[in-house]
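Data block below; observations after.
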Amino acid sequence: MVLAHRFWVRHGGGPQQDHAYGVSVDADGNSYLTGQADDGASTMFDSILLAPFGNESVFLAKYDAAGAVQWVRRYAPGSGRAVATLPGGCLYFTGGASGIVGQPAFDSIPWQYVDRAIFSAQFCAPLSTALPDETTTSQFLLYPNPVADVLTVQLAHFKIADAELQLLDATGRVVQRARVRTGQQQVDVSALPTAVYQAILLQGNAVQSAQIVIMR
């Protein structure tokens, strides 16, 4: 009978309900872990702290062969479910996004969803180094959706300066504008009729969009 040997044990997460769902090991013994972090509180992976975000988020973490955390990435909101590595430095992971209408980005690649979606992502950068800093990506979230009177706009990253939110009707006409600064801000949309609107966030040269529904 061959007994298993414990080489290292690490813990991560915070005081909320955090879950790890997928793990993969590359040829060098590095481990890649994905799952869900409840961002109602700070989440810690060894010395790397993920600040509270307000919603559950996908996390992707790398540990070296000795169990030392190398980097942790966060994409919100949702849950990472599986991760795989292939020769040549490619990393694949998949999961689900849910709960908030928004336009998160995997590094510089944006994508849109409404309420719930399945995602899959591929990285082929050298995985021996940290992935680019996510906090330079201009990401925003809109909720609730549908909305009746007050729309909450949440800028996901603390490095983003103030931006302008524009709401466009079905003809492409701008029907409402609002200045949005880092963090959360509420926008009164009670004067707009029931309809589907395109929300455009302008911040410097960056433009992002999402769809919202006003319903009463």
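Each residue of the sequence shown is one higher than the one before, starting from 40 at the first, in my numbering. Virtual Cβ for every residue (Gly too), placed ideally from N, Cα, C. Source: prediction; values computed, not measured.
Residue i: first and last residue of the uninterrupted beta strand (DSSP E) it sits in
i      : result
GLY74  : 70–77
ALA187 : Taken as a continuous stretch (DSSP letters only), ALA187 belongs to no beta strand (DSSP E), as it is neither H nor E.
ALA234 : 234–242
VAL122 : 118–125
ALA230 : Here ALA230 belongs to no beta strand (DSSP E), and DSSP marks it neither H nor E.
GLY61  : 58–64
GLN205 : 202–207
VAL97  : 95–102
PRO220 : In the sequence as presented, Pro is not what sits at residue 220; that position holds Arg. First-last for ARG220: undefined, no H or E at that position.
VAL108 : 108–114
PHE179 : 179–182
Residue i to residue j span [Cα, whole Å]
i      : j      : result
HIS58  : GLY106 : 18 Å
VAL64  : PRO126 : 11 Å
TYR236 : SER248 : 10 Å
GLN215 : GLY53  : 39 Å
THR233 : TYR131 : 40 Å
PRO116 : VAL62  : 20 Å
TYR71  : GLN223 : 32 Å
ALA217 : GLY135 : 30 Å
GLY51  : CYS129 : 24 Å
VAL97  : ILE157 : 12 Å
VAL186 : GLY119 : 28 Å
ALA104 : MET83  : 20 Å
LEU207 : TYR60  : 39 Å
ILE253 : ALA121 : 35 Å
VAL219 : ALA209 : 23 Å
GLY211 : ALA238 : 11 Å
VAL213 : GLU95  : 32 Å
PHE179 : SER229 : 21 Å
LEU194 : ASN184 : 16 Å
GLN225 : ALA66  : 49 Å
ARG49  : VAL108 : 9 Å
Minimum C-alpha distance to residue i - residue among the options
i      : options                        : result
GLN75  : ASP85, VAL64, ALA100           : ALA100
TYR102 : SER96, TYR182, VAL111          : VAL111
LEU204 : ALA136, LEU240, SER229         : LEU240
THR73  : PRO185, PHE46, TYR114          : TYR114
GLY68  : TRP47, ASP85, MET83            : TRP47
LEU231 : VAL122, ARG220, GLY211, ARG255 : ARG255
Residue i vs residue j beta-carbon contact at 7 Å
i      : j      : result
THR133 : SER159 : yes
VAL189 : ASP227 : yes
ILE87  : LEU181 : no
ASP77  : GLN56  : yes
LEU202 : GLN161 : The question names Leu, but residue 202 in the sequence shown is Ala. No, the Cβ-Cβ distance between ALA202 and GLN161 is not below 7 Å.
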